[in-house]
Amino acid sequence: MSTVETVAAEAAAPTLVLPHLFHPFETPVHPDAERAEADLYAWMNSHGLLDDPRWAHGIRHGKVGEYCARVYAHSSFDGLCTTARAYGWIFAIDDGLCSLHGVARAPGELGALYLWLYEMIADPTGHDPAPLRAALAARLPHLAAFLPALQRATQDICARIAAVSTRVQYARWVAGMMTFLFSTLWEAGRFATDVVPGEAEYLSGRTYNGCGEGAFALIDIAAGYEAPAAFYADEAVERLRRLSNAILCLCNDIFSYPKEAGESSSNLVCVLIHERGLSPQAALDAAADIHNGYLARYLDLEKKVRARTDDRASLRLLDEARTYIRGNYDWHFGSPRYGAAKHYDLSRALRPGQTSAAA
């Protein structure tokens, strides 16, 4: 290699090193990822949610079917399609409604839209959302064409989830979605005021604004069984769910940092740079330490929870929660949405199919 070629190669090499994120879990994948992806595109097209080419590109680039095949690897095929549609719908709310349609910096308007959505989520077949939709469209005319499509998709996916859930399971999912809506209002408030949160505030908000409670509630629904209500509501299991939420979201922050480096309030790495005065690499390493600390706490608590139950459905939920956590990491590693191989030196990173040594 010539000197010029060597210099060019060095200049093109990533300067940031992806830290090792601790994951001692196996990496199963559902075999029907491509079929679920095709089902999602057809479903979103049928509701007019891919009419905007910017949005359509984002969905295709995101590989939602693969994500769900990794996170819900033990689901039935119908369950896999349900989760993929649910994620596509959530992206329509988060990326479509909030980002492309500019509501993310208007918490007052977003709150009104969330009231409209929540009533459909809580009662997808009995509630009439048309009057409030008409009022919102009159107040926000740039949303007039999008809201009917979002209404149809919301009623459809919520009715589908309700049809394959018990009332207890559906109530868990609705509660999880309410937590997501509330936490994204917190996020909108930050964007509207350009306030950079401190580390403690950010970690609290980030635990909930990734829709983790709603996503976790789909684990047993998608696989066709029901975790006992008393087990799911147990204080220690609630803590496991919160820890899993944080683990998934901090994993996302670390992989997405290169494309969010200029947005000081939307990523833990950025928050650590701002609050602690760290370099980008030091902040990445600190974020990984926080992530790995949460994972260690999860393992310690999960061991105690396992030791006091012999219920098969409860133990199955714990097993599949491990897949849920690990699948999120493996998808991020290979996703074109984040381009880890482009932005990071991967020499320290855990690869899909590998497992971390026990701590």
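If you count the sequence shown from 1, position 217 lands on 217 in our numbering, and the numbers rise without skipping. Cβ coordinates follow ideal geometry from the N, Cα and C atoms, glycine included.
CB of Gln151 within 7 Å of CB of Arg133, strictly: yes
Under 7 Å between C-beta atoms of Pro24 and Asp285: 7 Å or more divides the Cβ of Pro24 from the Cβ of Asp285.
Ala33 vs Ala69 beta-carbon contact at 7 Å: yes
Assigned secondary structure, Ala11 (DSSP; H/G/I helix, E/B strand, else coil): Annotation note: pLDDT 42 at Ala11 (below 50); position unreliable, coordinate value reported separately. Ala11: helix per DSSP, three-state reduction.
Proximity winner among Gln169, Ala145, Gly111, Asn292, relative to Glu213 (alpha-carbon distances): Gln169
In DSSP terms, what Leu16 is bridged to: Tyr344
Contact check, Leu250 vs His291, beta carbons under 7 Å: In this structure, Leu250 places its C-beta atom within 7 Å of the C-beta atom of His291.
Sequence-distant residues of the same chain with beta carbon closer than 6 Å to Lys342, five excluded per side: none
Beta-carbon gap between Arg190 and Ser256 smaller than 7 Å: It is not a contact, given that the beta carbons lie outside the stated cut-off.
Proximity to Asp194 [Cα-Cα], best of Leu40, Pro107, Ser76, His57: Pro107
Straight-line Cα distance separating Ala222 from Glu320: Taking the straight line from one Cα to the other gives about 11 Å.
Element boundaries [alpha helix (DSSP H), containing Thr154]: Counting along the chain, the alpha helix (DSSP H) containing Thr154 begins and ends at 146 to 163.
Reduced DSSP secondary structure (H/G/I, E/B, other) of Ser356: In this structure, Ser356 counts as coil in the three-state DSSP scheme.
Buried/exposed call for Gly277, threshold 16 Cβ in 10 Å: exposed
Whether Ile157 touches Arg85 by CB criterion (7 Å): yes
Supposed close pair Ala36, Leu80 - CB separation, criterion 8 Å: 5 Å
Classification of Thr166 by the beta-carbon crowding that lies within 10 angstroms, buried from 16 upward: Per the 10 Å Cβ criterion, exposed.
When Ala188, Pro141, Asp220, Ile93 are compared against Met177, the one with the closest alpha-carbon: Residue Ile93 is the option with its Cα nearest to Met177.
Proximity of Gly210 and Leu181 at Cβ, strictly below 7 Å: Contact flag unset, no.
Same chain, Cβ closer than 8 Å to Arg105, five either side skipped, listed in chain order: Ala188, Phe191, Ala192
Nearest-angstrom beta carbon gap, Gly327 and Val103 [assumed within contact, 8 Å]: Actually they are not in contact, since the Cβ atoms of Val103 and Gly327 sit about 30 Å apart, beyond 8 Å.
Cβ pair Thr207, Asn252 closer than 7 Å: Contact: no.
Inter-residue spacing [alpha-carbon to alpha-carbon] between Trp116 and Phe91: 17 Å
Straight-line Cα distance separating Ala163 from Pro124: 11 Å
Coil, strand or helix - Tyr87 by DSSP: helix
Cβ-based burial, Ala303 [other Cβ within 10 Å; buried from 16]: Note that residue 303 corresponds to Lys in the displayed sequence, not to Ala. Exposed is the call here.
Local Cβ density within 10 Å of His57, reported as buried at 16 or more and exposed below that: Classification of His57: exposed, given that the 10 Å Cβ count is below 16.
Every unbroken beta strand (DSSP E) inside the stretch 20 to 66 [3 residues or more]: none
Of the listed residues Glu226, Ser204, Ser279, nearest to Arg242 (C-alpha basis): Ser204
Check whether Ser314 and Ala230 have beta carbons under 7 Å apart: no
Residue burial classification, Ser46 (beta-carbon count within 10 angstroms, cutoff 16): exposed
Presumed contact (8 Å Cβ cut-off) between Ala149 and Gly48, rounded CB distance: 4 Å
Residue from Gly224, Phe216, Ala159 with nearest C-alpha to Thr179: Phe216
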